[in-house]
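These protein sequence lines map, in sequence, to chains A and B. Position one of the first sequence corresponds to residue 80 (the working numbering), numbered consecutively onward. Position one of the second sequence corresponds to residue 80 (the working numbering), numbered consecutively onward. Written below as structure tokens is the structure these notes are about.
2 protein chains.
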Amino acid sequence: MAKTTTGETVPVRQRGVTMKDVANHAGVSRTAVSFVLSNRENASISEETRTRINQAVQELGYRPNAGARALASRRSDWYGIVTEIVTAPFAVDIIKGAQDQAWLDRRFLLIAPSDQADAVGPNEGLEDAATEKLLEQRVEGLLYAATFHRGVHVPASANEVPTVLINCFDADGKLPSIVPDERAGGRVAVERLLQGGHTRIGVINLDPNIPAAVGRLEGAREALAAAGLELDPELVVSGYATADGGYDAACHILDRYPEGGRPTALFCLNDRMAMGAYDAIKERGLTIPGDIAVIGFDNQELIAAYLRPKLTTVALPFERMGALGVQTLAALTAGQPILADQQLVDCPLLERSSV
Amino acid sequence: MAKTTTGETVPVRQRGVTMKDVANHAGVSRTAVSFVLSNRENASISEETRTRINQAVQELGYRPNAGARALASRRSDWYGIVTEIVTAPFAVDIIKGAQDQAWLDRRFLLIAPSDQADAVGPNEGLEDAATEKLLEQRVEGLLYAATFHRGVHVPASANEVPTVLINCFDADGKLPSIVPDERAGGRVAVERLLQGGHTRIGVINLDPNIPAAVGRLEGAREALAAAGLELDPELVVSGYATADGGYDAACHILDRYPEGGRPTALFCLNDRMAMGAYDAIKERGLTIPGDIAVIGFDNQELIAAYLRPKLTTVALPFERMGALGVQTLAALTAGQPILADQQLVDCPLLERSSV
DNA sequence: CCCACCGGGTAACGCGCGTTACCAACAGCG
DNA sequence: CGCTGTTGGTAACGCGCGTTACCCGGTGGG
């Protein structure tokens, strides 16, 4: 506890070592310390005092005050990311990718959850409070990350700094975005099945209106068309994006042609549905991949890597999208042109044991 | 000021509006603006100038500079959390709980990943770089969060500021920590099985040396002892903490007494192993929960909520631990005494359909 | 001998804000 | 009348640092 002049006690606040302390300790001016610490090459400091200063830094355990530096230099070295991912962790790898990349660029990533506004007042926009908080910290750029690929509306204040969307796109403007190449993913999945000799393929579809479903299905059709085939509409069934939904859809598909003509492969548009499909297949005494090959989408590790047999699936490149988002932001803040308004990121096929 | 078509005015925000600009616009001194914005009750500002200032704030779209405020007031309103969770997202709810609580306390949570030091140099300690970064931001308190309950070593610099450990404990010191009450969790799980009429219970154990295994097993034994029963050592099998490990262990347990005496319930010490156990049970033509009741631990949503039947399991209170960590930190920074060096948090039973 | 130049530094300003000390005007009171 | 409060403010300092302008003592060139 420390005492003020009035005698009252306040929480102890360690008086930090400042550049002035370092300067005194080294017997030089604070300016010299600043020059040495910021490695200015055009500053003329002799090698001897330079080492003396560095030694003082070590001895005193000096640690720069990032806030003061930001204030004086007018750059914070921070990016902010507004995301619902913290509360819906499915796509947490976006944060990881972004954070790693930011770290490489010697920048810091400030993470703000996008759904906490209701904690302060019911009428505030969801992301607005988070965005505002980040701007108060004077972030140099903003990222918005969604848990699933969709269109979003970004608060107006986002226009004050460079902004990039990750795993979502600007529903009403021209903000640059990074999204998965759903179509190529659908294509590669079905190509893999074709390559395995499957020509009759059932599809367990998501809500047909969301971008993921549209793209993946389109890709699937392309792959089939390239082989001179097409989807049997009877074998494309939508369901809730859950294991139960996948189970129901799989039952429907597997039982559709009792007389013969049952598909030999199932393309499940997400892994949770594939999980349910497994049950439906096993229930019927069929084996995976012997009787029915299954391929998923998303690569949700907890599911895909632990199902038995392990699920072959198409991965959503979350980490890569996060990194690319930061790179794009870096280009924007540096005033460089970016490659495209919308960057598509490849969805690689992960071979396991279900095909 | 900009006007919309409806004639309502919308603040046009531009970077660089300072308190001085607001003061000029309102025709008062900057001090007056500061007083109004920080709501000092002992400052004497007339109601009229107060509204004039607030109006100027609106019109100019003034946004405080958090860094400058922190510099002048010598408090940042930030806590820092060092965590491996970003890279191993299992326990991401810790972050959510901490962030929500911090938000309620009008504080901000700075998240630093604990494994990025190798990006700058191979010789730096893992958490050290992250901790250092946070201290440079002048966080007022530090949290360390682990993905699984264990002992950890924290960098020495953490001592400069109040520190609380979440889901881990200080292996060599006296830092306060928040951990799940594994023992009570094991007890409640087995009590539930007993209540269901099960007296012969198989246990799929984790690595027997980790705190989670020790506590949960101890709790299980307590519950049995209270009913005058005890574990059959032949029915306690350790395995890798994966679905495959659970499958193997379950096979072992289920086939141990071919002549009769097979357990009617399985206590799986985590949900991934329960997932594998499901397969072993189904393979043998047995039903869940009809023939074999299964109870898990961890409540890993992606698994527990999607297995068929849905898995009854004991939840790890990640979110609550995160919140409690922040509360404890708040008490520490305010100089208040904390309840205990180690706070145990209850692990509630989540009833689904597997018992 | 004077002057330009260069190496090696330092003084001083300002970033945006919290905070303390102070000041002017006016009312109430004896 | 002087004195004391009270109301409604303002001037000025400093937080820790980046940055610019400047200074001083040598040195080489003319």
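Note that beta-carbon positions come from the ideal geometry of N, C-alpha and C, so glycine has one too. Predicted model, so just to flag it, every value in this text is computed and none were measured.
Scan the region 138-165 of chain A for residues whose Cβ lies nearer than 9 angstroms to a Cβ of chain B and list them as they occur along the chain.
-> Gly140, Arg142, Pro143, Asn144, Ala145, Gly146, Ala147, Arg148, Ala149, Leu150, Ser155, Ile164 and Val165
Beta-ladder partner(s) of Trp157/B, from DSSP | Phe187/B
Would Ala419/B be called buried (16 or more neighbouring beta carbons within 10 Å of its own) or exposed?
-> exposed
Interface residues of chain A facing Val171/B [CB-CB closer than 8 angstroms] | Val165, Pro168 and Val171
Test: Thr392/B CB closer than 9 angstroms to a CB of chain A = no
Check whether the region 178-186 of chain B touches the region 241-250 of chain B, taking contact to mean three or more Cβ pairs, one atom from each stretch, closer than 8 angstroms.
-> no
Using a Cβ cut-off of 9 angstroms, pull out every chain B residue sitting near Thr321/A, in sequence order please.
-> Ala384 and Tyr385
Taking Cβ positions only, does Asp286/B come closer than 9 angstroms to chain A?
-> no
Which whole runs of the alpha helix (DSSP H) in the region 320-363 of chain B are 4 residues long or more, in chain order?
-> 322-333 and 350-362
Can you say whether Gln379/B is buried or exposed, counting buried as having 16 or more other CB atoms within 10 angstroms of its CB?
-> buried
Under 9 angstroms by beta carbon: chain A residues contacting Phe187/B = Leu189, Ala191, Lys212 and Gln216
Say whether chain A places a C-beta atom closer than 9 angstroms to the C-beta of Arg477/B.
-> There is simply no residue 477/B to check, as chain B begins at 80 and stops at 434 in what is shown.
Under the rule that 16 or more other beta-carbon atoms within 10 Å means buried, what is Arg387/A, buried or exposed?
-> buried
Start and end residues, beta strand (DSSP E) containing Gln406/A | Counting along the chain, Gln406/A falls outside any beta strand (DSSP E), though it belongs to the alpha helix (DSSP H) covering Phe397 to Thr412.
Based on the DSSP secondary-structure assignment, which residues constitute the bridge partners of Leu244/B?
-> Tyr223/B and Ser256/B
Are Ala224/A and Ile160/A touching if we call contact CB-CB under 9 angstroms?
-> yes
Using DSSP bridges, identify the partner residues of Asp249/B.
-> Val231/B
Give the single residue among Pro192/A, Ala170/A and Tyr141/A whose Cα lies nearest to the Cα of Gly401/A.
-> Ala170/A
Around the C-beta of Ser433/A, are 16 or more other C-beta atoms found within 10 angstroms, so that it is buried, or is it exposed?
-> buried
Could you please give the first and the last residue of the uninterrupted beta strand (DSSP E) stretch that includes Ser317/B?
-> Val315 to Ser317
Using 9 angstroms as the limit for Cβ to Cβ distance, is Asp425/B near chain A?
-> no
Out of Gly146/A, Pro337/A, Phe376/A and Lys253/A, point me to the one whose CA is closest to Gly298/A's CA.
-> Phe376/A
Which residue comes first and which comes last in the alpha helix (DSSP H) that contains Thr128/A?
-> Glu126 to Leu139
Are Lys361/B and Lys361/A close, meaning C-beta to C-beta below 9 angstroms?
-> yes
Other residues of its chain near Arg335/B: CB distance less than 6 angstroms, five sequence neighbours each side excluded | Glu313
Should Tyr223/A be listed as close to the ligand MG, given that the test is whether its C-beta is under 8 angstroms from any heavy atom?
-> In the structure on display, the ligand MG does not appear, and there are no ligands present to speak of.
Output, in chain order, the set of chain A residues within a Cβ distance shorter than 9 angstroms of Arg326/B.
-> Inspection of the sequence shows that residue 326/B is occupied by Tyr rather than by Arg. Within 9 angstroms Cβ-Cβ: Arg387.
Since Gly281/A is in the beta strand (DSSP E), which residue starts that stretch and which ends it?
-> Ile280 to Asn284
Do you know how far the Cα of Ala322/B is from the Cα of Val373/B?
-> 14 angstroms
Of all Cβ atoms in chain A, is any one closer than 9 angstroms to the Cβ of Met400/B?
-> no
How about Gly355/A: is its C-beta nearer than 9 angstroms to some C-beta of chain B?
-> yes
Going along the chain, which residues of its own chain have a beta-carbon closer than 6 angstroms to the beta-carbon of Gly106/A, five neighbours each way excluded?
-> none
What do you reckon, are the CB atoms on Leu381/B and Arg351/A nearer than 9 angstroms?
-> yes
Pro234/B: buried (16+ other C-beta within 10 angstroms of its C-beta) or exposed?
-> buried
Under 9 angstroms between the Cβ atoms of Val101/B and Ala135/B?
-> yes
Using a threshold of 9 angstroms, state whether the C-beta atoms of Ile280/A and Leu333/A are closer than that.
-> no
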